[in-house]
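Asks: Below you will find the structure I want to go over with you.
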Amino acid sequence: MDKLNLMNSFVHVAELHSYTAAAAKLNKTKALMSTHVRQLEEALDVRLISRSTRGFNLTDAGRRYYQQARQILDEISEMEVGLREGEQQMAGRLRVSVPNTFGEQVMMGFIGEFVARYPKINIEVLLSDQYVDLVGQGFDLAIRIGNLKDSTMIARELGNSRSLLVASPKMIDGFSIEHPDDLTGFPMVFDSNLKSERQRWVGRFNGQQYLLDLKPVVYVNSARASAELASRNIGVALCPMFAAKPFFDTHELVPLLQDYDFGDVPINAVYPNRQQLSVRARYFIDEFSRYLEHWGSFSSLRDEPIAPSS
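See below:
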C-alpha cells in the first residue's frame with residue numbers, strides 16, 4: 001500500500017469536497033478514490049471523513065490529518081520544483097491579493113519580515129475586499145477570510161480567527177449582558193461580508209443555539225469599519241478578533257457574552273494551480289502560516305477570556 005498515494009487522494013477529496021471532482025483532478029475513478037480514503041482510515045485506525053446522505057465533512061482527526069498531509073505534499077512538490085528550477089525561483093515578482101482589514105492589521109508585519117528575508121522578491125500587494133480574478137488579473141495567490149465560494153481554486157487553510165461580539169463601554173453602560181436575550185432590541189452594525197441570509201447572529205453555549213434579536217442600523221462591508229462604528233456607540237458588532245483587537249487595546253470596545261461561541265472565521269490562501277505555483281509563492285504561504293501560529297489574535301485566544309476595561 002502506497003501511503004503517499006492514499007494521502008494524496010484524501011487531500012484532493014478534502015480540498016474539493018467531492019470524490020467525483022477529486023477523481024477527475026487525479027485522472028482516477030471515483031471508486032478508487034473512495035477505496036483510497038477507506039484504506040487510509042483503516043491504516044490509521046481513525047475516521048477521517050464523516051459521511052451522510054447529504055454529503056460529508058472532515059472529522060476533527062480528518063482536519064488535523066489534512067493540514068499535516070497538505071504540508072507534506074507541498075514540501076515534496078516544492079522540493080521537486082526546486083530541483084528543476086533552482087534558486088532563481090526565490091527572485092522576481094509576487095502578486096498577492098489581501099482583504100483590507102486583515103492586510104492592514106496582520107499581513108504588513110509579516111510582509112516586512114518576508115521581504116527582509118528574501119530581498120530579491122518584489123511583492124505587489126492589492127488590499128481589497130473584492131474577490132479578484134487570480135488568473136485574469138495575474139495574481140499568484142490571494143488570502144481569503146471567511147467561507148470560500150470559488151471551488152475552481154486550490155485552497156490551503158492557514159488558521160482561524162475567533163469571532164467576537166463587541167460593543168463600546170458606553171453602549172452597554174447600566175446593562176447586565178449575561179444572556180443573548182439581554183441584547184434584544186439593541187442596535188446592530190452588520191458586516192455584509194458575513195453573508196448571513198437572515199442578517200442575524202447565532203451564538204452557541206452548552207450545545208444550545210441562540211438567535212440574537214438586534215436591530216440593524218448600519219450595513220458595511222468591512223470588519224474594521226464595523227468595529228470602528230461599534231466603538232463610536234452606533235451599535236453592537238460581530239467581528240473577527242484581528243479587527244477588534246486594536247479597539248480592545250485602547251478600551252474603546254469590550255467583548256460581550258464571551259462564554260458563547262459565535263464561530264471562527266477561516267483564513268485561507270487560494271491559488272489557481274498547484275503545479276504552476278512558484279517556489280517563492282510556496283515559501284510565502286508556508287511562512288505566513290507559521291507567522292499566524294504566533295500572532296496573538298486568533299483561535300489561540302479562544303480559551304483566554306478578554307477582560308473588559310474597568
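At position 235 of the sequence shown (counting the first as 1) the number is 235 in the UniProt record's numbering, and the numbers step up by one without a gap. Where is the CB? At the ideal position from N, CA and C, for every residue including glycine.
Using CA coordinates, which residue listed in ARG144, THR101, LEU141, ARG93 is at the minimum distance from LYS120?
Replies: Of the listed residues, the one whose Cα sits closest to LYS120 is ARG93.
Asks: Compute the Euclidean distance between the alpha carbons of VAL218 and LEU164, then round it to the nearest angstrom.
Replies: 18 Å
Asks: Quick one: is LYS245 buried, meaning 16 or more other Cβ sit within 10 Å of its Cβ, or exposed?
Replies: buried
Asks: Kindly identify the DSSP beta-bridge partner or partners of VAL135.
Replies: For VAL135, which the question treats as bridged, DSSP gives no partner whatsoever.
Asks: I'd like the span of the alpha helix (DSSP H) that includes residue 340, first residue to last.
Replies: Within the shown structure, residues of the chain are numbered from 1 to 310, placing residue 340 beyond reach of any answer.
Asks: Say whether the region 141–160 touches the region 98–110, bearing in mind that this needs 3 or more beta-carbon pairs closer than 8 Å, one atom from each stretch.
Replies: yes
Asks: At the level of alpha carbons, what is the spacing between SER34 and MET188?
Replies: Going from the Cα of SER34 to the Cα of MET188 covers about 46 Å.
Asks: Tell me whether the region 246–253 and the region 110–118 touch, counting them as touching only if at least three CB pairs, one residue from each stretch, are closer than 8 Å.
Replies: Touching, no.
Asks: For the ligand SAM, is there any heavy atom lying closer than 7 Å to the beta carbon of ALA91?
Replies: No copy of the ligand SAM occurs in the structure displayed, which carries no ligand at all.
Asks: Which parts of the UniProt domain "HTH lysR-type" (1–59) are runs of the alpha helix (DSSP H), unbroken and 4 residues or longer, counting only runs that do not cross its ends?
Replies: 3–16, 19–26, 30–44
Asks: Going by the beta-carbon positions, is the gap between HIS17 and LYS25 smaller than 8 Å?
Replies: no
Asks: Taking 8 Å as the threshold (C-beta atoms), are ALA227 and LEU253 in contact?
Replies: Closer than 8 Å, so yes.
Asks: Please list, in chain order, all residues of the same chain as residue 329 whose beta carbon is under 8 Å from its beta carbon, the five residues on each side excluded.
Replies: Past the edges of the chain, shown from 1 to 310, lies residue 329, and the structure says nothing about it.
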